[in-house]
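Engineer: Protein chains in written order, with this note's numbering: chain A, 3 to 638; chain B, 77 to 342; chain C, 7 to 536; chain D, 241 to 338; chain E, 432 to 949. Following this message is one structure expressed as structure tokens.
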Amino acid sequence: MESQLAEIAQHTGGVIGNAWLMIAFPLVGAFILLVFNRFTNRWGHLLGVAMSLASFVVAVLAFVELLGFGPEERRRAVHLYEFIPGMVDMGLLIDPLSISFALLITGVGSLIHIYSIGYMSHDEHRRRFFSYLNLFVAAMLLLVLADNYVGLFIGWEGVGLASYLLIGFWQFKPSAATAAKKAFVVNRVGDFGLLVGMFVIWTTFGTLTFKGLGEQIAPGTQNGTMLAIGLLLLLGACGKSAQLPLQSWLLDAMEGPTPVSALIHAATMVTAGVYLVVRSGAFFFPEGSGAALAVAIVGAVTLLAGAIIGCAKDDIKKGLAGSTMSQIGYMMLGAGLGPAGYAFAIGHLITHGFFKADMFLGAGSVMHGMNDEVDMRKYGALRKVMPITFVTFFIGYLAIIGFPLLSGYFTKDGIIETAVHHQPILGWLAVLGAGITGFYMSRMIFMTFFGEKRWADDAHPHESPLVMTVPLMILSLGSIFLGGYLILSNRLLDWLTPAVGAPAERPEFHFTSVPGLATLALVAVGAIIAWMKYGRVPVPAVQPRGSFLTTFARRDLYGDALNESLFMRPGQWLTRLAVFFDNRGIDGVVNGLAAGIGGSSGRLRRIQTGFARTYALSILIGAALLTGALLFVGNI
Amino acid sequence: MGETITFWVLAVVSVGAALGMVFNRKAVYSALMLGAVMLCLAVLYAVQDAPFLAAVQIIVYTGAIMMLFLFVLMLVGVDSSDSFVETIKGQRFWAFLAALGFVVLIVAALGNVVFAPQVGLTAVTEQGGGYIRSIATELFTRYVFAFEITSALLITAALGAMVLAHRERLTEKPTQKDLSRARFRGDHPSPLPGPGTYARNNAVDMPARLPDGSAAESSVNRYIARYDVEHGRLPQDPELAEAIRHTAEENVPQTEAEQSSNEVTK
Amino acid sequence: MNGDFQAPTIEYGTLAPLLVVFGAAIIGVLVEAFAPRYLRKPIHVPLTLLSLAGAFALVLVQVMGGQVPTTASAMGALAVDGPSLFIWGVILVLSFVCVLLINDEGHFVASAAAVPGSADEEEAEAHSGGVGHTEVYPLVLFAVGGMLLFPASHDLLMMFVALEVMSLPLYLLCGLARRRRLLSQEASMKYFLLGAFSSAFFLYGTAMIYGFAGTVSLPGINRAMAAGNTLDPLLLIGFSLLGVGLLFKIGAAPFQAWKPDVYQGAPTPITALMASGTLVAAFGAVLRVFWVGLGNLDWNWRPVIWVVAALTMIVGSILAITQTEIKRMLAYSSIAHAGFLLVGVMATYGSAERNADSLKAILFYLAVYGVTTVGAFAVVTLIRDPGGEAGHLSRWAGLGKRAPLLAGVFAFFLLAFAGIPLTSGFFGKYAVFAAALDSGTQPGDSMGGWMAGLVVVGVVASAIAAFFYVRVIVLMFFSDPAADGPAIAVPSMGTVAVIAVSLLVTVGVGLYPESVLGIANQAASSLFIR
Amino acid sequence: MTTHYLVLSGLLFAIGAMGVLIRRNAIVVFMCVELMLNACNLAFVTFSRQVGNLEGQIIAFFVMVVAAAEVVVGLAIIVTIFRTRRSASVDDANLLKY
Amino acid sequence: MSPWLPILMAVPVVGAIVVALLPKGSDKLAKQVTLLVSLLVLVLTGVMAAGFDPSGDRFQFVAEYNWIPSFGVKFGVGVDGVALVLIALSVVLVPLVVLASWHDADGVKTADGTLITPKRSVKTYFALLLVLETMMIGVFAATDIFLFYVFFEAMLIPMYFMIGSYGGAQRSYAAVKFLLYSLFGGLLMLVAVIGLYVVAGKQTFMFPELVGAIQDPTMQKWLFGGFFIAFAIKAPLWPVHTWLPDAAAQAPAGAAVLLVGVLDKVGTFGMLRFCLELFPDAAKAFTMPIVVLAVISIVYGAIVAIGQTDMKRLIAYTSISHFGFIVLGVFAMSSVAQSGAALYMVNHGFATGALFLAAGFLIARRGSPYIGDYGGVQKVAPVLAGFFLIAGLAGLSLPGLSSFVSEFMVMIGTYSSQAHGSGALTVAAIISAVAVILAAVYILWMVQRTMNGPTAEPVKAFKDLSAREVWVLAPLVALIIGFGFFPKPLLDVINPSVQQTLTNVQVPTSTIAEGTGQ
């Protein structure tokens with residue numbers, strides 16, 4: 003069961019030694035674009051793309067350099083500077099896991115940058131958009147490259163910020179502003195877990211670096227503290243990766259421009275939770291531990307929930323968002339299975355990055371042509387006017403439903419198979435989820451590209467420019483081939499082993515395993531049902547009243563309602579109470595005290611009647627009291 | 077034994093007189109009662125080997141100070157008598173209580189003092205060469221400075237009385253000649269017309285009519301006119317009413333009462 | 007017969023300051039008698055000022071010359087020791103400054119005998135040309151003489167006489183205000199009746215103590231106490247009634263009632279004199295009686311004075327809050343300050359050196375408080391309505407905008423009263439509180455914790471007191487001026503000098519308290535003659 | 241005897257004090273104060289004999305002098321007030337209050 | 432004897448006198464002189480700070496002059512690391528405040544031309560500002576406790592006038608409340624100061640000599656109480672916090688920055704230096720109640736902040752929450768937490784300063800502090816909105832911004848502190864971490880309602896930040912971000928003096944979790 007990690011070696015020089023450039027390029031880009039704001043309007047987007055690409059180049063070079071090391075030497079730590087003296091230094095960890103992420107982020111990120119040139123060409127704040135994108139890339143890279151939890155956390159929040167800014171990019175729409183805020187706040191709930199997790203880690207181990215932890219934690223250690231840390235980190239992961247119970251923000255996050263949804267809310271940022279679990283896996287989520295089981299359960303539940311939500315959405319992006327939730331649920335499920343699942347989880351993460359980005363961008367392309375219409379009931383028959391978009395989207399569709407030999411097929415089936423092997427119940431749930439995936443993705447395809455036109459009167463759909471479609475093509479290529487490349491012959495597994503540890507038994511991909519076949523069958527059933535409901539019969543342009551289940555799904559499984567009644571309402575009530583208490587209670591006491599003194603002054607001054615005889619009386623009484631007191635004191 | 081009898085007699089008399097002073101409504105009686113107390117005390121001084129003080133008590137206190145009191149009482153109004161209705165709430169109750177408490181405290185405390193046998197003054201006077209001589213020696217040696225300083229007190233008193241009571245004349249007193257000259261130089265060498273009391277009304281506040289039938293404003297006293305205006309006692313006749321009002325509005329030197337009320341409001 | 011009369015010895019050199027003041031007063035009376043009206047003021051002003059300055063110089067000469075006597079003077083009637091000389095210096099400076107205020111026209115009635123509002127009064131006003139009674143000057147000098155005597159008295163008889171010498175002129179002066187004469191006369195009468203009433207208590211107390219000790223000389227009393235039974239009822243009654251008289255003079259609760267009325271009614275320069283000079287003198291006397299005469303009785307009187315001090319601070323502070331008249335408010339403030347000073351008087355446990363510390367604190371407090379007070383009242387004289395000073399606080403609204411400099415100075419004085427650091431008032435308060443706590447920590451002091459308690463009461467009272475000082479500042483600076491706001495009189499040179507001196511001292515001592523503290527220290531270290 | 245005299249003086253003092261409190265006529269009030277001073281004098285004279293020195297008598301003498309001066313000033317003030325207000329009642333003088 | 436600190440204190444006060452004495456009508460000159468003087472102080476401080484040796488003596492640039500020998504008071508100044516960074520904070524903020532308040536006393540007009548504050552004396556305002564600067568430097572530099580007290584109290588007066596004369600509609604209420612609250616605490620402290628002097632019996636107020644002078648635990652508790660109440664009011668700690676929202680809301684933005692950014696730090700600074708070191712036993716005995724109060728402050732301040740409708744009040748309540756963190760850090764008795772608390776003092780100054788100033792600029796454009804009166808500002812004034820957002824993010828301790836480091840250190844230090852051998856501090860840290868969520872709610876709620884959404888009608892006339900305003904905010908933002916990623920320069924200076932504090936408190940070093948992050 004032991005999963006021995008490779009030693010982390012200090013590294014200087016070379017591309018890896020200068021891996022900070024990966025972060026620096028986009029950061030500088032963001033800085034320039036923000037500071038020299040109006041002056042960069044004309045060429046700002048180009049700078050953004052260039053910086054992202056530069057980062058990608060560095061990542062590739064670092065990857066190449068890393069390949070030059072033997073497997074056991076592929077964990078390279080780069081010391082940057084002393085961050086909090088006595089606690090943690092800023093440093094990067096370049097290992098197969100992080101470099102994989104870096105490649106995904108910079109690669110897909112660059113594509114989306116390029117795509118955005120076209121997508122945002124009409125937006126007067128395109129330059130700002132690119133600066134945010136660059137900021138996101140930098141933060142995300144810091145997240146995955148940091149060699150300690152603090153650096154990870156900075157990146158973690160940095161992407162949260164970028165996500166906030168980008169969701170709210172069209173902040174003048176109240177819905178966008180609200181969604182941005184919601185995303186940030188919900189994420190903060192998760193951050194709370196991550197923070198407290200770090201407290202426990204520091205208190206227990208006196209270190210926050212992965213290296214330090216690796217040195218201190220015997221593989222497979224399980225105890226209460228470790229379980230607590232694991233659960234806390236899981237809470238953080240749930241927030242970032244929109245897993246139950248912190249899933250609610252992701253659907254609203256679709257208010258952002260579509261490239262954002264593609265990059266942040268599909269391909270990269272939302273997978274940070276998976277990264278966190280995998281990265282910490284060897285320490286806090288050892289195979290068979292309670293924490294790992296919790297991860298798997300969360301993943302399984304979310305994959306179903308996301309899928310169900312996806313079934314009911316008419317908004318193409320929300321449908322995709324539900325799907326994203328669901329797919330990340332798969333990854334979490336995989337990540338909860340220990341090293342055996344890591345490779346599939348990461349693999350699925352990467353392929354999902356491609357095909358989901360592909361689909362999001364495709365959806366964006368559709369919207370671009372449809373005057374930003376998102377309601378699929380207003381689409382239909384677009385395959386003819388948008389052929390490239392259709393083809394690329396369709397490839398993504400096939401990949402996600404696990405059409406054999408496409409990327410998703412390998413990675414998802416890998417997860418399902420491993421899950422069935424390790425946690426049968428969860429595994430079969432995942433199978434069920436795959437079936438639902440088949441349904442809702444097919445529904446999306448049918449509603450969007452097939453059937454009759456249900457376009458709005460002023461809609462003149464057209465194919466998007468090359469700057470948008472080329473990235474689509476590249477992504478769809480990845481969606482086709484990447485999965486097979488990574489999974490077959492365990493390429494990814496072997497590559498990741500130094501970073502995440504080796505599974506107890508080496509998995510073998512079976513094209514004809516029982517769960518695999520069952521999955522395929524269910525997917526087919528789902529697709530057929532979708533065709534029956536949306537392909538064969540015309541889609542009503544107005545959303546029909548649905549059954550209880552449909553409403554349940556449409557309302558995001560009442561997640562928002564739950565949040566509202568459990569947290570928001572009581573929170574507002576508590577806030578009002580606290581404000582009232584502060585104004586009337588505490589301040590009331592203070593003011594009351596002042597008023598009391600003033601009032602007693604007002605009453606006491608009446609003693610000063612103005613009659614000399616009263617004054618004389620007070621003197622006599624005073625004299626008597628004084629005398630009495632002195633005699634008394636003298637005689638005690 | 078003689079002292080005891082004297083004491084008891086005089087004690088009763090003096091306490092009675094003191095109470096009489098306090099509870100007599102007429103100030104003059106109070107003053108006389110005080111005089112009685114002082115005389116009793118003078119005798120008690122004499123009994124207690126203080127003949128000098130007894131004399132001074134009678135001469136200075138009863139003779140001079142009491143006279144001053146009586147003099148001022150005459151000035152202020154000899155027949156004035158206090159109302160014994162207490163106007164300050166609780167004052168009398170608390171006054172009795174406080175005085176009683178005070179007496180009880182003092183008497184109880186003094187009653188507790190165990191005095192040594194009286195030393196008496198014989199020894200001291202013997203030593204000083206006689207009573208008066210002893211007093212004089214003491215006064216002009218040990219207490220000479222205090223004695224000198226009392227002069228300041230007396231000067232202050234004199235000066236104070238001057239300041240408060242003496243009206244220095246700042247201008248020549250107008251002689252009768254001045255007055256009549258002023259009168260003939262004024263508008264009205266003759267007396268002002270009388271009010272129309274018997275012409276048409278039977279009140280002094282009604283202006284007389286001049287030959288042309290108009291109301292003679294100068295025939296009504298300004299103070300009376302003002303009273304009418306302020307109390308709404310103007311006559312029905314608008315012409316007369318106007319005349320009275322006009323008279324009242326003339327610049328009248330403010331009376332003291334008004335002055336004082338103004339003072340308060342300032 | 008052993009009746010040889012031995013001529014008394016009187017140390018004229020030591021008593022010179024006193025004699026100068028009294029002499030000048032008598033000359034002043036003669037001036038009143040013989041000089042023509044138009045010459046009187048021109049003679050009085052330099053005479054009075056010079057005599058006070060001369061007396062101060064004589065005090066300085068004694069101090070500088072190091073000839074501070076160590077035995078009582080004038081046949082044991084006076085103790086001209088270090089504290090006395092310090093107090094004398096302070097009183098002389100304060101009275102000098104007050105005389106500068108008195109010089110200003112318009113404070114005193116031209117003819118006190120004329121009925122207010124009568125034609126006589128108008129006439130007298132018209133002829134006076136704004137100059138009031140010039141008898142004020144000798145009266146002030148007599149009062150100052152009394153103030154000098156009072157704290158230096160070495161026996162209770164002298165003290166009683168001094169009390170009267172000080173009080174009688176003040177009774178008169180209170181009634182001489184030019185404006186609002188009814189109030190002034192009322193103040194005069196109340197002050198007089200209550201003063202006479204309280205001095206009767208003082209006298210009865212003296213009688214009891216005489217009965218106990220067989221003497222009224224303070225050291226004699228102390229010796230008798232050391233020898234005899236300190237629980238003798240005579241002594242206790244005597245002490246408490248003496249206390250009534252003295253506490254009345256300093257305005258301690260429950261004997262404070264006269265202060266607001268009298269301060270409000272009296273002409274402002276006289277109020278300034280009473281609030282500064284009289285208070286200083288009275289505290290000098292309090293110290294002498296409590297520490298010298300009754301030093302062996304402190305076990306008895308300190309608990310009682312504890313209550314009085316606490317009550318005084320609280321009553322003064324609380325009642326001041328709702329006052330609407332500036333002089334009345336300052337009167338309550340003066341009551342509160344008397345309470346703070348009583349805290350210092352309490353601080354007398356332990357050795358004589360310890361007492362020196364407390365004594366230093368009180369002397370310092372008295373000096374700086376007196377100076378600030380005079381300055382504050384000087385400002386009050388400048389804010390005028392047609393009918394006289396604009397006493398009502400509502401009239402002060404927005405003064406900061408109309409007369410920023412004046413308002414600023416007044417605000418500074420108020421902050422000094424409140425005891426804000428970097429003003430003299432702070433160090434005064436600090437000094438007495440420190441002395442009190444210090445004495446409380448002496449081993450064996452039964453009042454130990456209670457002293458700390460008293461200081462806490464003191465700071466609570468200070469905080470309450472700060473409120474009404476601050477309220478005036480708020481009025482002056484943060485409120486908008488009234489449309490028909492009061493006129494700001496063009497100050498005379500004298501008033502300017504008064505305000506400037508007060509300000510300088512308040513600021514200077516606030517920045518470098520050692521200047522006055524050093525002197526106070528020196529004065530206190532020689533201690534009272536016992 | 242000493243105690244008797246002292247009790248008498250105490251009584252007179254207290255009666256005087258009470259008079260001050262309950263009488264309204266300023267002159268009578270002042271007379272009551274004088275009574276208090278007289279009571280003091282009685283105590284002084286008594287003590288003088290008790291303790292056997294003349295100081296008490298001297299003090300009593302001084303008190304009389306002081307009282308005389310006080311009376312002059314006091315009565316002058318009262319007369320002034322009376323002239324202004326036509327009243328010698330101490331209660332009427334209550335403009336200054338609160 | 433180093434002349435540095437006396438010079439630093441003298442320069443502003445001389446400047447204040449010069450400004451006050453300028454002839455009438457030279458308002459502009461007054462502003463320029465003030466700015467120059469404050470910049471000069473900044474430069475001088477910079478030069479001085481460069482000479483500070485973190486590994487040297489605890490107190491450096493020491494100067495001692497006899498001031499009041501009769502009381503044993505010296506004019507003793509000197510800085511340790513914590514004091515140095517706080518002085519640096521003060522002198523950095525003052526020029527920015529000067530610049531930010533450039534037109535505050537001129538009579539502020541809104542975008543549509545209505546006058547919201549009338550013209551007031553410009554010279555007075557800037558002279559007060561400079562006097563305040565002297566006192567701020569003095570209060571941190573004082574090594575004589577009496578001198579500290581003098582500055583502690585005297586500081587109130589210029590601030591009182593700045594609030595009362597130049598503030599909003601309720602200014603006099605707020606000013607009086609501020610003054611009386613602080614004065615009350617200060618007076619209690621005065622008793623304790625005297626008590627310290629008397630009980631220690633050393634005839635001196637010099638801090639280094641008084642450390643460890645009080646041995647009696649009961650006496651320690653009483654004196655500690657006196658000091659602590661004063662500092663708790665100043666800080667302010669729940670439940671004696673209610674003056675701050677009023678004062679901060681009514682004060683002009685510049686004054687509010689100094690009030691919350693620097694003046695209130697004196698409270699926490701005092702706790703760290705005086706309460707802990709002078710009365711270690713009492714500090715340990717009282718830790719639990721104080722920690723409870725701190726945690727209440729953190730959560731309560733945040734919750735009440737959410738419910739505010741007035742921007743400046745909201746910021747004030749956030750500060751109450753943040754001060755809770757600082758107090759928590761101070762009393763967690765671990766080096767990490769205390770370093771964090773000290774760092775927090777500085778960072779909070781920058782963050783809240785920026786937020787107050789940005790809010791002030793916003794308010795100056797509309798004349799209303801109410802959040803509901805704005806909306807959609809980002810559309811018309813993106814730069815303002817941007818700065819506002821960054822400042823707000825600093826307020827919610829976003830990682831990467833300076834306040835995160837300190838908040839993180841405080842919480843982690845508290846969590847890991849075993850100074851009390853119980854889990855209470857652990858619980859406290861966890862509860863305080865909840866504020867992380869609440870902070871996001873209040874800041875973003877404010878940002879959303881003011882900056883986002885459709886542009887409100889009156890907002891449309893808004894101009895974006897002027898160059899002057901940008902120059903005010905940009906340095907702060909630069910510092911916030913700079914120290915967010917590289918707090919080492921500050922921590923290196925702070926850590927030794929915190930270690931010294933803990934040594935004096937005699938917290939066994941073995942219980943301090945030592946990092947192995949190298």
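Backbone N, C-alpha and C fix where the C-beta goes; we use that ideal spot for every residue, glycine too.
Where DSSP assigns a beta bridge to A/Ser100, which residues make up the other side?
Structural biologist: None; A/Ser100 has no bridge partner.
Engineer: Please tell me whether A/Val297 and A/Val279 are closer than 8 Å, where the distance is taken between their beta carbons.
Structural biologist: yes
Engineer: Around the C-beta of B/Pro267, are 16 or more other C-beta atoms found within 10 angstroms, so that it is buried, or is it exposed?
Structural biologist: exposed
Engineer: If I measure Cβ to Cβ from A/Leu137 and keep anything under 6 Å in the same chain, skipping five residues before and after, which residues do I get?
Structural biologist: Ala32, Ala164
Engineer: Starting from E/Ala741, follow its DSSP beta bridges and name the residues at the other end.
Structural biologist: Per the sequence presented here, residue 741 of chain E reads as Asp, with Ala not at that position. Per DSSP, E/Tyr801.
Engineer: Please state whether DSSP places E/Ala892 in a helix, a strand or coil.
Structural biologist: helix
Engineer: When we look at the beta-carbon of E/Val525 and count the other beta-carbons within 10 Å, is it buried (16 or more) or exposed?
Structural biologist: buried
Engineer: Output the boundary residues of the beta strand (DSSP E) element that contains E/Trp498.
Structural biologist: 491-499
Engineer: Counting only runs of 4+ residues fully inside the segment 579-623 of chain E, write out the alpha helix (DSSP H) ranges in chain order.
Structural biologist: 587-597
Engineer: Given this structure, state the Cα-to-Cα distance separating E/Asn778 from C/Leu420, to the nearest angstrom.
Structural biologist: One alpha carbon belongs to E/Asn778, the other to C/Leu420, and they sit about 37 Å apart.
Engineer: Taking the alpha-carbon positions, what's the C/Leu178 to E/Leu621 distance?
Structural biologist: Rounded to the nearest angstrom, the two C-alpha atoms are 42 Å apart.
Engineer: Would you say A/Gly109 faces chain E, with C-beta separation under 8 Å as the test?
Structural biologist: no
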